[in-house]
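Asks: What follows is a single structure, and I will ask about it in a moment.
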Amino acid sequence: MQLSRIVNFHKTLGDPTRIRIIALLRHGPLHGQAIAGKLGLKPPTITHHMAKLREIGLINERREKNTIYFSLNAKNLERSATAILNLVSEHAEFKTTENERNQVIKNFFTFDGKLKQIPAQRKKKIIVLAHIVKGLKTGVTYDEREINEYLKQFHEDYATLRRELVMNHFMYRENNKYELNPPELWILK
Numbered sequence: 390m391q392l393s394r395i396v397n398f399h400k401t402l403g404d405p406t407r408i409r410i411i412a413l414l415r416h417g418p419l420h421g422q423a424i425a426g427k428l429g430l431k432p433p434t435i436t437h438h439m440a441k442l443r444e445i446g447l448i449n450e451r452r453e454k455n456t457i458y459f460s461l462n463a464k465n466l467e468r469s470a471t472a473i474l475n476l477v478s479e480h481a482e483f484k485t486t487e488n489e490r491n492q493v494i495k496n497f498f499t500f501d502g503k504l505k506q507i508p509a510q511r512k513k514k515i516i517v518l519a520h521i522v523k524g525l526k527t528g529v530t531y532d533e534r535e536i537n538e539y540l541k542q543f544h545e546d547y548a549t550l551r552r553e554l555v556m557n558h559f560m561y562r563e564n565n566k567y568e569l570n571p572p573e574l575w576i577l578k
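This is how it looks when you write it as structure tokens:
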């Protein structure tokens with residue numbers, strides 16, 4: 390899961406009312422009026438909170454005539470809630486020696502630094518991505534065009550490389566602006 394989605398999930402659940410709504414919905418579907426009554430809130434307030442929970446995929450809606458019933462998407466809740474633990478545990482998964490990293494670099498890059506192909510095996514892909522970001526600076530915000538130009542020097546499929554850098558937490562992206570994440574967030578050690 391992308392870092393930005395993990396952050397958005399936790400920001401959204403940083404409201405006690407939303408946690409109370411989730412707790413109510415774990416017992417089964419409820420309509421907005423029932424939720425408002427149980428929590429002692431007004432229906433417009435519930436509508437606001439339900440919109441926020443819908444944005445992060447935690448609730449499902451089902452219409453029956455003029456009434457909308459909300460239910461908890463428990464699978465998404467579990468996946469989102471454990472994403473940060475998975476992020477941390479992924480670091481242990483990719484322990485490599487310097488010799489292994491050097492061998493992967495030698496196998497996947499030409500003498501002049503071009504990437505022969507994007508590795509299919511995840512462990513090798515992580516090593517390749519870590520090698521590619523060495524030329525980027527921490528604390529610098531790059532626009533998408535700059536990142537594309539930088540990545541083109543390695544491989545013609547710069548869009549895939551860019552996506553992989555974000556998905557594997559090497560870079561953070563927001564509004565087509567990219568920043569290098571601290572190495573502690575990279576999945577490589």
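In the numbering used here, the protein residues as written are 390 to 578. Note that beta-carbon positions come from the ideal geometry of N, C-alpha and C, so glycine has one too.
1) According to DSSP, is F498 part of a helix, a strand, or is it coil?
2) Check for me: the beta strand (DSSP E) holding L392 runs from which residue to which?
3) Whole angstroms are fine: how far does the CA of I516 sit from the CA of Q492?
4) Is the region 404 to 415 in contact with the region 441 to 450, if contact means three or more CB pairs nearer than 8 Å?
5) Would you report the Cα separation of E489 and R511, rounded to the nearest angstrom?
6) Who does T530 pair with in a DSSP beta bridge?
7) Count Cβ pairs between the region 554 to 573 and the region 532 to 544 that sit closer than 8 Å; are there 3 or more?
8) Take A463 as the anchor and find which of A509, I424, L504, R415 has the nearest alpha-carbon.
9) Assuming L392 contacts H520 under a Cβ cut-off of 8 Å, what Cβ separation, rounded to an integer in Å, is found between them?
10) Quick check on this structure: which residue in Y458, H399, N565 has the alpha carbon closest to the alpha carbon of Q422?
11) Going by beta carbon distance, what residues of the same chain come within less than 7 Å of T499, once the five residues before and after it are set aside?
12) For R415, name the three-state secondary structure that DSSP assigns.
Replies: In short, the structure shows the following:
1) Assigned with DSSP and collapsed to three states, F498 falls in strand.
2) Here L392 belongs to no beta strand (DSSP E); instead the alpha helix (DSSP H) covers 392 to 401.
3) Cα to Cα, the separation comes out at about 10 Å.
4) The region 404 to 415 makes contact with the region 441 to 450, as at least three CB pairs between them are under 8 Å.
5) Taking the CA atoms as reference points, E489 sits about 14 Å from R511.
6) Among the bridge pairs identified by DSSP, T530 is matched with E568.
7) Yes: at least three Cβ pairs fall under 8 Å.
8) When A509, I424, L504, R415 are compared, the shortest CA-CA separation from A463 is found for R415.
9) Actually they do not touch by this definition, with Cβ atoms about 21 Å apart.
10) If you compare the alpha carbons of Y458, H399, N565 with that of Q422, the shortest gap goes to Y458.
11) Answer for T499: K505, listed in chain order.
12) Three-state result, R415: coil.
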